[in-house]
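Each number in this note's numbering corresponds to the 1-based position in the sequence shown with 9 added. Built from N, CA and C at the ideal position, the CB exists for glycine as well. Quantities reported herein were computed from a predicted structural model and do not represent experimental measurements.
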Amino acid sequence: MSYGNLYRRNDSKYHKPATYDGSTHWQDYLVHFELVAEINQWDDHQKALELATSLRGAAQGVLSDLHPDMRRNYRSLVNALASRFEPENQSELYRAQIKSRLRKRGEPLTELAQDIKRLVRLAYPTAPLQVREQLARDCFIDSLNDSELEWVVFQAKSQTVDDALRVGHEYEAFQKGRHGRLTIKHGVRMQREVLNKENNMSMDKDEKSDKKDDMLREILKRLEQLENQNKSNKNPNKNKHNSNMKCAYCGKLGHWESKCFKRLDDEEKLEQNRMTTNTKSQMKYINSNVKVPGNEY
């Protein structure tokens, strides 16, 4: 039975470290494991056993390649894992990654800062902490991929990555609030333009409707005038416009001589008298030419 297992069983305050499969950064995991070991007060033998039982996947393959005695040696195990997942000869590779590192679309500033710190630590493992902080700050500013944000963070004269990160968060919060206000104003303006357009269309529609009503009234008025004119032609003596007419035959107002009833009556009587006179003349002529018998001589 191992001492590590015995320790876990007898201490209720045991803290279990996370597992490691080689897909994440080894140095980050090592920092986590060292802190857990300190909390649990493990010695190197216990740390070796705990680290060995926390390995998974590709990292577990490193364990199987070691000599059985080295598997229980904490320093040998740490060196083997570091050599496998973060070899020292990759410093140039990490420096190249720093130069090409740019903020991705939608990437949080916190994630970018953490990645820059990690790359600087791996690219310059022997540099003093203060130097790495300054390098990380400069690389963080260069990787922001936003000229305005870069200028704001640079002007703030930040001393560390964390200071630059705080300035970047403040700037983005301000820009987000400003964008929200502009969006609201734009929405209000668009709504006002839509309402004005609808009002103009409504006014145009009302104006067209009024014009149609005026045209209809004008047509009805014209039809009424034509109807009255037809009535006047059929009844000229009743037309108020004929009130100033004077008949040359009877001398009365309101009609012409051609429409004078008195003239028509007089002409009819005259015709009847003419016919009566002709009849009497014919009878007289006949009577004068008829011979009475016995009176020839």
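Indicate whether residue i and residue j have their beta-carbon atoms separated by less than 8 Å.
{"i": "Ala145", "j": "Lys126", "result": "yes"}
{"i": "Gly177", "j": "Leu118", "result": "yes"}
{"i": "Asn82", "j": "Ala57", "result": "yes"}
{"i": "Pro26", "j": "Glu59", "result": "yes"}
{"i": "Ala61", "j": "Gly31", "result": "no"}
{"i": "Arg110", "j": "Ser152", "result": "yes"}
{"i": "Tyr29", "j": "Arg65", "result": "yes"}
{"i": "Arg80", "j": "Leu72", "result": "yes"}
{"i": "Asn49", "j": "His24", "result": "yes"}
Could you check the C-alpha separation between residue i and residue j for me, to the nearest Å?
{"i": "Arg187", "j": "Leu158", "result": "15 Å"}
{"i": "Gln281", "j": "Arg272", "result": "14 Å"}
{"i": "Ile150", "j": "Thr33", "result": "25 Å"}
{"i": "Lys99", "j": "Leu131", "result": "The amino acid occupying residue 99 in the given sequence is Gln; Lys does not appear at that position. Approximately 8 Å, taken between the alpha carbons."}
{"i": "His41", "j": "Trp35", "result": "10 Å"}
{"i": "Lys113", "j": "Val140", "result": "26 Å"}
{"i": "Val161", "j": "Lys185", "result": "15 Å"}
{"i": "Asp274", "j": "Gln238", "result": "28 Å"}
{"i": "Asp147", "j": "His54", "result": "41 Å"}
{"i": "Leu279", "j": "Thr286", "result": "10 Å"}
{"i": "Val170", "j": "Glu179", "result": "14 Å"}
{"i": "Phe94", "j": "Phe163", "result": "35 Å"}
{"i": "Ala257", "j": "Glu266", "result": "6 Å"}
{"i": "Asp78", "j": "Asp52", "result": "17 Å"}
{"i": "Ala91", "j": "Glu120", "result": "23 Å"}
{"i": "Pro134", "j": "Lys22", "result": "34 Å"}
{"i": "Lys261", "j": "Lys221", "result": "47 Å"}
{"i": "Pro96", "j": "Ser156", "result": "35 Å"}
{"i": "Lys255", "j": "Gln234", "result": "25 Å"}
{"i": "Asp223", "j": "Glu202", "result": "31 Å"}
{"i": "Glu43", "j": "Gln168", "result": "28 Å"}
{"i": "Gly115", "j": "Asn154", "result": "12 Å"}
{"i": "Glu305", "j": "Phe270", "result": "Only weak support is given to the placement of Glu305: the predicted model assigns it a pLDDT of 49, under 50, and the question is left unresolved by the model."}
{"i": "Lys230", "j": "Glu236", "result": "10 Å"}
In the DSSP output, what is residue i paired with across the bridge?
{"i": "Tyr29", "result": "Leu64"}
Check residue i in the structure and name its three-state DSSP category.
{"i": "Leu262", "result": "strand"}
{"i": "Lys255", "result": "strand"}
{"i": "Trp51", "result": "coil"}
{"i": "Ala132", "result": "helix"}
{"i": "Gly115", "result": "coil"}
{"i": "Asp147", "result": "helix"}
{"i": "Leu86", "result": "helix"}
{"i": "Ser92", "result": "helix"}
{"i": "Pro77", "result": "helix"}
{"i": "Leu232", "result": "helix"}
{"i": "Tyr180", "result": "helix"}
{"i": "Lys206", "result": "helix"}
{"i": "Leu286", "result": "At residue 286 the sequence reads Thr, which differs from the Leu that was named. Thr286 falls in the helix class under three-state DSSP."}
{"i": "Ala46", "result": "helix"}
{"i": "Ser267", "result": "helix"}
{"i": "Lys166", "result": "coil"}
{"i": "Lys22", "result": "coil"}
{"i": "Leu153", "result": "coil"}
{"i": "Arg175", "result": "helix"}
{"i": "Arg110", "result": "coil"}
{"i": "His41", "result": "helix"}
State buried or exposed for residue i, treating a residue as buried only when at least 16 other CB atoms are found within 10 Å of its CB.
{"i": "Leu102", "result": "exposed"}
{"i": "His264", "result": "buried"}
{"i": "Ile107", "result": "buried"}
{"i": "Asn205", "result": "exposed"}
{"i": "Leu86", "result": "buried"}
{"i": "Asp74", "result": "exposed"}
{"i": "Ala122", "result": "buried"}
{"i": "Ser124", "result": "The sequence given here places Asp at residue 124; Ser does not occur at that position. That one is buried."}
{"i": "Ala182", "result": "exposed"}
{"i": "Ala105", "result": "exposed"}
{"i": "Leu174", "result": "buried"}
The ligand MN and residue i: does any heavy atom of the ligand fall closer than 7 Å to the residue's C-beta?
{"i": "Arg187", "result": "Among the ligands in the structure shown, none appear at all, so the ligand MN cannot be discussed."}
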